[in-house]
Amino acid sequence: MAEGRVFAVLGHPIAHSLSPVIHTVAYASLGLPHVYRAIDVPTAAELVAVLDELRSGALGGVNVTLPHKRAVLDHADEVDSSAIEPGAANVLCRGEDGRLRAYNTDADALADDIAALAPDASRKRAMVIGGGGAGVAAVAACKRLGFKLIAVTSRSWARSENVETSPSAEQVRRMGALPLPWPGPGEPAPDSFASQALRLQWWDLARGASLVVQATSAGMLGKDPGESVRDVVPWDDLGSDAFAYDVVYTPRMTPFLHAAASRGIQAEGGLGMLVRQAARSIVLWTGQEPPLDVMRRAAEGALDRGGHTV
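Sequential numbering from 1 applies to the sequence shown in full-length UniProt numbering.
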């Protein structure tokens, strides 16, 4: 039997993470005696201390979630190409010499989930709501799926100046996507004709889009209500084969997903992405492919029992 190793997810807050449930059942299914923990890491100093444990071999590998996905790149000895473009990592692997290599499995996990759920959808135009880490991962996923045009908007881009100066807008621009000012209501009046034109461009491009990805925390239990992101989608004018994806997976039915379902649009929450990124982490650490169906059922069971929101 393989020697037992300790893996972990690092973040803050972390107590309600689904990752221990998902990983534990995966290792059991593979016959591996590994242990998986959730470690609360509230500060940068504590992050360094835990990464020292990884370097020493006390930990076999770690997943990284908010707020440390970008910071860990500064502590990695090597950065895989999967983490370079999004500028963030969610997996760290330890080499035999103690060197740390950073990976990002979020984009591939999202691309795999969308491809599995909507294999026949057009790859012409994708709209992404959110300019943070999940939004950047969504842009990378859309690129890997072959979308010809990817437009992004964010609630933090209220004016055209925000789009011109925001580091996150510049990042998605470098990735080949089109950042646009937030088109929703309740924001300051457009500061210029350019702002108004760019806001209208979002609506023009969204009409006929074949994919809309909601990549913010809006609608998640304990977070902002989801109506603001729901209302920047022209639901009645999407493409005939449109697919809507919400990275939020709790609650099961967000305002975004409800709007899609009420119009007969195929839609899915982000639990599949969570499971798939966990599976890719396990492959990196063990070389073995875990059973997605078993991991998914365990995650659903944990959500049904309540208490897991991260």
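Idealized CB from N, CA, C, for every residue including glycine. Here the structure is a predicted model, which means the values were calculated and not measured.
Do residue 142 and residue 129 have their C-beta atoms within less than 8 Å of each other? Against the sequence shown, residue 142 aligns to sequence position 142. Against the sequence shown, residue 129 aligns to sequence position 129. Cβ atoms of residue 142 and residue 129: not closer than 8 Å.
Alpha carbon to alpha carbon, how far is residue 210 from residue 243? Along the sequence shown, read from residue 1 onward, the residue named residue 210 stands at position 210. Along the sequence shown, read from residue 1 onward, the residue named residue 243 stands at position 243. Taking the straight line from one Cα to the other gives about 6 Å.
Pair every Cβ in the region 77-94 with every Cβ in the region 132-140, then say whether three or more of these pairs are closer than 8 Å. With the cut-off at 8 Å, the region 77-94 and the region 132-140 touch.
Is the Cβ-Cβ distance between residue 73 and residue 89 less than 8 Å? Start at 1 with the first residue of the sequence shown, and residue 73 comes out as number 73. Start at 1 with the first residue of the sequence shown, and residue 89 comes out as number 89. Yes; because the gap between Cβ atoms is below 8 Å, this pair is in contact.
8 Å Cβ cutoff, residue 48 in contact with chain B: Annotation note: the requested chain B is absent from the structure, which comprises a single protein chain.
Where residue 158 and residue 62 are concerned, what is the direct C-alpha to C-alpha distance, given to the nearest angstrom? Counting from 1 along the sequence shown, the entry for residue 158 is found at position 158. Counting from 1 along the sequence shown, the entry for residue 62 is found at position 62. Between residue 158 and residue 62, the C-alpha separation is close to 36 Å.
Would you tell me roughly how many angstroms separate the C-alpha atoms of residue 177 and residue 49, rounded to the nearest one? Along the sequence shown, one-based indexing puts residue 177 at 177. Along the sequence shown, one-based indexing puts residue 49 at 49. Spanning the two alpha carbons is a distance of roughly 37 Å.
I'd like to know whether the C-beta atoms of residue 147 and residue 173 end up nearer to each other than 8 Å. What you label residue 147 is simply residue 147 of the sequence shown in a count that begins at 1. What you label residue 173 is simply residue 173 of the sequence shown in a count that begins at 1. No, they are not a contact pair.
Can you tell which of 152, 107 and 52 has its C-alpha closest to the C-alpha of residue 270? As a position in the sequence shown, residue 270 is number 270, starting the count at 1. Residue 107 is the option with its Cα nearest to residue 270.
Could you give the first and the last residue of the continuous beta strand (DSSP E) run that contains residue 27? Your numbering for residue 27 matches position 27 in the sequence shown. Unbroken run through residue 27 is the alpha helix (DSSP H), 19-30; no beta strand (DSSP E).
By Cβ distance below 7 Å, which residues in the same chain neighbour residue 69 in space, the five residues on each side in sequence not counted? On the sequence shown, residue 69 is found 69 positions in, with the first residue counted as 1. Hits under 7 Å: 88, 89, 90 and 133.
For residue 290 versus residue 76, is the C-beta distance shorter than 8 Å? Indexing the sequence shown from 1 puts residue 290 at position 290. Indexing the sequence shown from 1 puts residue 76 at position 76. It is not a contact, given that the beta carbons lie outside the stated cut-off.
Give the list of continuous alpha helix (DSSP H) stretches no shorter than 4 residues that lie fully inside the region 194-263. 227-230 and 255-261
Determine, using beta carbons only, whether residue 299 and residue 100 come nearer to each other than 8 Å. Position 299 of the sequence shown, counting from 1, holds the residue named residue 299. Position 100 of the sequence shown, counting from 1, holds the residue named residue 100. Taking 8 Å as the Cβ cut-off, residue 299 and residue 100 do not qualify as a contacting pair.
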